[in-house]
Amino acid sequence: MAVTLTPPARARRVPDRHHRGVTRWIVLALVTAAALAMLVPFAFMLLNAFKSPGDYSTNGPLSWPSEFYTKGLRTYWEQVDFPVKLWNSTLIAGSVAVLAVLVSLFNAYALGVGRVRGRLWIIGLFLLANMLPQESLIYPLYHFAKEAGLYNTRLAVIIIFTVIQSAFGTYLLASVLGTFPRTLLEAAALDGAGKWRILWRVVLPNLRPTLSVLLVFFFIWTWNEFLIPLVMLIDNQTQTVPVALASLQGDRLMDAPTTNAGSLLSLVPAILFFLIFQRTLARGITAGAEK
């Protein structure tokens, strides 16, 4: 009995992740160069934070410090009462992050799952509100805070930024919940679960990665806000870190080393917060990409 031999099938080439194509190497090089370019201002800030005013005036901002000068850090710490400003910023940013996530979740649950009539118009309104510049809102907010007796209080800033941040959060979460599997909701309803139980037992576990990302973003965005805290908080005991940092610069005089030292000291809490929640942020973004 004759047996015909067939040539073996060509082995399938498995791509090796260690051998990238030319295009990938070019993209990687461009991304690395962009990242290094973004770090240049931080390098200059670190370089001039430990430089004396005389050294800065004589040798300029690009020279290496002739001595390790720490008086700028001490001056900023004492002049602006930094512990108070740090507590104010942490309290405001932390409260806004938590409250804005909760408000966004409730709004999006009603719009995305509850199927409110005219939901598309409402979501579009939230998107439009998120696009409004703060300069157009500052006078109405100032007037309302005055009338409500909340002017120059941390509560006023917390309420304002909770509404502003939740506008973006509602738009994002409503879009996600609009594609939520209806079979899960119907199965939970058949088991006798009410709307609140469905929210906490079915919807929330699936949204936890997205909510963690929003929490980190809301904290950092609120921490960096300047205009509204500058207008709403005029007392030294209620001002935030960005407002305190701006107070170092006068009309005709600026102590550049002290300003750089203050910027470095003001940046450290935000960097620590980001590093602490870095894995949470990465898991949230990865989970969103997989979905």
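full-length UniProt numbering numbers the first residue of the sequence shown as 1 and each following residue consecutively.
For every residue, glycine included, the Cβ atom is placed at its ideal position computed from N, Cα and C.
Given the structure is predicted, the values throughout are model-derived calculations rather than measurements.
Across the set Tyr171, Ala167, Val203, Ala270, the C-alpha of Val203 shows the shortest separation from the C-alpha of threonine 183.
Within the region 97–152, no complete beta strand (DSSP E) segment of 3 residues or longer occurs. Relative to glutamine 165, the option among Leu264, Gly149, Phe219 whose CA is nearest is Phe219. Taking threonine 90 as reference, the option from Val27, Pro242, Pro257, Gly192 with the minimal CA-CA separation is Pro242. With distances taken between CA atoms, threonine 162 lies nearest to Leu214 out of Leu111, Thr179, Leu214, Tyr76.
Contact between the region 41–52 and the region 66–76 is present: three or more C-beta pairs spanning the two stretches fall below 8 Å.
Looking at the backbone, the Cα of valine 98 and that of leucine 105 are separated by about 11 Å. Excluding the 5 residues flanking it on each side, arginine 154 has same chain C-beta neighbours closer than 7 Å at Asn88, Leu91, Ile92, Thr238, in chain order.
Residue range 154–177 is occupied by the alpha helix (DSSP H) that includes isoleucine 160. Contact between leucine 173 and glycine 112 holds, since their C-beta atoms are separated by about 7 Å, short of 8 Å. Here valine 101 has Gly169, Leu211, Leu214, Leu215, Phe218 as same chain residues with Cβ atoms under 7 Å from its own Cβ, once five neighbours each way along the sequence are excluded. Per DSSP, reduced to three states, the secondary structure at proline 65 is coil, with no helix or strand assignment. Here leucine 248 has Tyr76, Gln79, Val80, Met254, Asp255, Thr258, Thr259, Gly262 as same chain residues with Cβ atoms under 8 Å from its own Cβ, once five neighbours each way along the sequence are excluded. Looking from the CA of lysine 85, the closest CA among Ile271, Leu265, Val116, Phe274 belongs to Leu265. Between threonine 280 and valine 96, the gap from beta carbon to beta carbon reaches 8 Å or more. The region 138–152 makes contact with the region 226–233: 3 or more CB pairs, one atom from each, lie closer than 8 Å.
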